[in-house]
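Using the working numbering, the letters of the sequence shown correspond one by one to residues 2 to 368.
As structure tokens, the structure follows; a few thoughts come after it.
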Amino acid sequence: MKTVVVKLGSSTVADGRGRLRRAVLAARVAEVAALAAEGHRVVVVSSGAIACGQSALGLRERPERMADLQAAAAVGQGRLFAAYARLCTGHGLTAAQVLLTSIDFAQRASYVNARATLRRLLAWRIVPIVNENDTTATDEIGFGDNDVLAAQVAIMLRADLLVLLTDRDGLYTSDPVRDPGARPIAVLGGDDDLAGVSWRSTRGGAGGMSGKTAAALMAAGAGVRAVIARGSRAAVIADALAGRPVGTVAPARRKDDSAFKLWLRYAKPVRGTLEVDDGAARALAEAGGSLLPVGVTGVHGAFAAGDAVSVVRPGRGEIARGLAAIGARDLRRVAGLRSAEARRLVPHAGEEVVHRDHLVLIDEEGT
């Protein structure tokens, strides 16, 4: 029994005028039903609310202003979910609508609640239809695109597979429409040159292939195998689950982190940066120690206690990420001091800048 997260992009869900691609949706829901009948748990992350709203409102082009986008999403979200619900009902399945924003992942309590809800729905053999809450999301609390949302849902659930469905047969070294010499990329994380993977998919969505690349690598780094493939391809989900070649695969690379550390690594927004000396870097990486004030050589950002910070070694990049026990203003006063001196200067602060239990190491590959 596997847990599978399937993301359908806007170009898969709807055409350029915002009309639902009903045959494609029907085929994908039929696959979900077949997998559910085999005992697998499937979560669907679907874009397309804005496109559906665009069609319902008679708009020729995708809106650009935030208020217009949110209004279109408010009109389209119900229509989109109703389409999924009808298709699921036809296969004897119940669908549940789950709308999230990045705040639901950034705040630990909300993250745990969202995870518990999704787990319970799957235990009840209900198919969650997840989308970003476009009606209330803003640039500050949005995911940027649903590829990132899908990756975070897959990581949250410790899924076995993430399938990112788009309008192309996986990734290429450049845009195959414009470059006849573009080569398909079978495996991410090898020696493939990804410099050209920046072209966007068909109009109607917020993401492009570079976003799918980032989402796939993020999931793979957390132990979730990811596949990028064409959404209209027959049996694409089943083939991806079986390991058959259907597009571009990002092999899973780790599975040993706790749920807390996965949240800290992939979902908690970083609010500041701490530069540390060589001794502190060794204490973190080799001795399993906490970060103390004496090892901090630079403080950047306006973070508060409890915010996530990136720990960097100048010239060598990020080495860890953790929850700050001291806010930026106080930390600037005590950086470089021994713990006893720091306590005298800022009595309310603890001995550690970042406690070892609230820290996750970042390896040389950035994962």
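Beta carbons: idealized from backbone N, C-alpha and C, even for Gly.
Computed from a predicted model, the values in this text were never measured in an experiment.
Q. Should glycine 93 be labelled buried (16 or more other beta-carbon atoms within 10 Å of its own) or exposed?
A. exposed
Q. What residues in its chain sit with their C-beta under 6 Å from that of lysine 3, if we drop five residues either side in the sequence?
A. His41 and Asp161
Q | Proximity below 8 Å, CB of valine 300 to CB of leucine 275 | A | yes
Q.
I believe alanine 50 touches alanine 74 by the beta-carbon criterion, under 8 Å. Please report the beta-carbon distance rounded to the nearest angstrom.
A. 5 Å
Q | Segment limits, alpha helix (DSSP H) that includes leucine 21 | A | Where leucine 21 is concerned, there is no enclosing alpha helix (DSSP H), given that its DSSP letter is neither H nor E.
Q. Going by beta carbon distance, what residues of the same chain come within less than 7 Å of alanine 152, once the five residues before and after it are set aside?
A. Leu163, Ala216, Met219 and Ala220
Q: Can you say whether alanine 346 is buried or exposed, counting buried as having 16 or more other CB atoms within 10 angstroms of its CB?
A: The sequence given here places leucine at residue 346; alanine does not occur at that position. Exposed, since its Cβ has fewer than 16 Cβ neighbours within 10 Å.
Q. What do you get for glycine 10, buried or exposed, if any count of 16 or more other CB atoms within 10 angstroms of its CB means buried?
A. buried
Q. Under a three-way DSSP split, which group does histidine 359 fall into?
A. helix
Q) When we look at the beta-carbon of tryptophan 125 and count the other beta-carbons within 10 Å, is it buried (16 or more) or exposed? A) exposed
Q.
Based on DSSP bridge pairs, tell me the residues matched to leucine 163.
A. Val6 and Ala227
Q) Is DSSP giving valine 354 helix, strand or coil here? A) coil
Q.
When you compare the CB positions of aspartate 105 and alanine 115, do they come within less than 8 Å of one another, or not?
A. yes
Q: Would you check if the distance between the CB atom of threonine 13 and the CB atom of glycine 290 is smaller than 8 Å?
A: no
Q: Spell out the partners DSSP gives threonine 95 in its beta bridges.
A: Ile127
Q. So, glycine 337 versus threonine 298, is the Cβ gap smaller than 8 Å?
A. yes
Q. In terms of residue numbering, what span does the beta strand (DSSP E) encompassing serine 47 cover?
A. 42 to 47
Q: Please list, in chain order, all residues of the same chain as glutamate 319 whose beta carbon is under 8 Å from its beta carbon, the five residues on each side excluded.
A: Ser311, Val312, Val313, Ile363 and Gly367
Q | For alanine 286 and leucine 60, the rounded distance between their alpha carbons | A | 54 Å
Q: With DSSP collapsed to three states, give me the class of arginine 345.
A: helix
(Q) If you follow the beta strand (DSSP E) that leucine 332 is in, where does it begin and where does it stop? (A) No beta strand (DSSP E) contains leucine 332, which is instead part of the alpha helix (DSSP H) from 329 to 335.
**Q.** Alpha-carbon to alpha-carbon, serine 47 and aspartate 240
**A.** 20 Å
**Q.** Closest Cα partner of cysteine 53 within the set Gly273, Val128 and Ala72
**A.** Ala72
Q.
Assuming alanine 253 and valine 225 are in contact, meaning their beta carbons sit under 8 Å apart, how far apart are those beta carbons, in whole angstroms?
A. 6 Å
Q) If you draw a straight line from the alpha carbon of valine 335 to that of alanine 303, how long is it in whole angstroms? A) 15 Å
Q. Can the beta-carbon of glycine 280 be found less than 8 Å from the beta-carbon of aspartate 308?
A. no
Q | Check whether arginine 234 and valine 250 have beta carbons under 8 Å apart | A | no
Q: Give me whichever residues DSSP pairs with alanine 251 in a beta bridge.
A: Ala227
Q) Starting from valine 237 and walking both ways along the alpha helix (DSSP H), at which residues does that stretch end? A) 237 to 243
Q. Would you call the CB atoms of isoleucine 327 and valine 354 closer than 8 Å?
A. yes
Q: Kindly provide the ranges of any beta strand (DSSP E) runs that are 3 or more residues long and lie completely inside the region 270 to 314, ordered along the chain.
A: 271 to 277, 297 to 302 and 309 to 314
Q) Looking at the structure shown, is phenylalanine 261 part of a helix, part of a strand, or coil, going by DSSP? A) helix
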